[in-house]
Amino acid sequence: MARIDRTDRRILDLIQHNGRISNLELADAVGLSPTPCARRLKRLEHSGLIRETVTLLDQDALGLKLTAYIGISMDRHTPDRFAAFEAEVASYPEVLECSVVTGQAADYLLKAVLPDMQHYEQFLLGRLTRIPGVTGVHSSFELRRVVQRTVLPLDYMN
Numbered sequence: 001m002a003r004i005d006r007t008d009r010r011i012l013d014l015i016q017h018n019g020r021i022s023n024l025e026l027a028d029a030v031g032l033s034p035t036p037c038a039r040r041l042k043r044l045e046h047s048g049l050i051r052e053t054v055t056l057l058d059q060d061a062l063g064l065k066l067t068a069y070i071g072i073s074m075d076r077h078t079p080d081r082f083a084a085f086e087a088e089v090a091s092y093p094e095v096l097e098c099s100v101v102t103g104q105a106a107d108y109l110l111k112a113v114l115p116d117m118q119h120y121e122q123f124l125l126g127r128l129t130r131i132p133g134v135t136g137v138h139s140s141f142e143l144r145r146v147v148q149r150t151v152l153p154l155d156y157m158n
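Written out as structure tokens, the structure reads:
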């Protein structure tokens, strides 16, 4: 892990909350002049601590009303089978997250967003279950989102 100080942590915290903050505003908020602040930000980017800057869209406003958490079981636990599945799933824009998991009946856990149950059925039957090696699918659907954040906790860092 890259070594960072309190000012770096403050910069990271501020840009997590507002990726569009200007360098001038950022510098003012952390008590630096603009040039050293820009240098620190560039160093944090080069270190890999900052992966990318994105814009978050409103899922509901876009008509993506259904969030599905999908457990996927595979027939064989081989590198080639997993690689093929992962490459295929990575090409699906509906899939926001895909993780290899343990402690469940599933090998993978996916988070997907779709307009409605009809689209989910097409996604499930027309694409997911047709991926070679998929032997089981278990879906749960979000009733209500209680917490949604993109900000990572930084308090644990010294």
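With the first letter of the sequence shown counted as 1, position 136 gets the number 136 in the UniProt record's numbering; the numbers rise by one all the way through.
Even for Gly, the Cβ is constructed at its ideal location relative to N, Cα and C.
Fair warning: this is a prediction, and the values are worked out from it, not measured in the lab.
Taking residue 19 as the centre and dropping the five residues before and after it, the same chain places the C-beta of 53, 54, 55 closer than 8 angstroms to its C-beta, in chain order.
Around the beta-carbon of residue 112, 16 or more other beta-carbon atoms lie within 10 Å, marking it buried. By the Cβ neighbour-count rule, residue 95 is buried, with 16 or more other Cβ atoms within 10 Å of its own. Under the three-state reduction of DSSP output, residue 74 falls in the strand class. Leaving aside the five residues that flank residue 76 on each side, the residues in its chain whose CB is nearer than 8 angstroms to its CB run, in chain order, 133. Residue state for residue 120 is assigned as helix, using DSSP reduced to three classes. Counting along the chain, residue 47 sits inside the alpha helix (DSSP H) bounded by residues 34-47.
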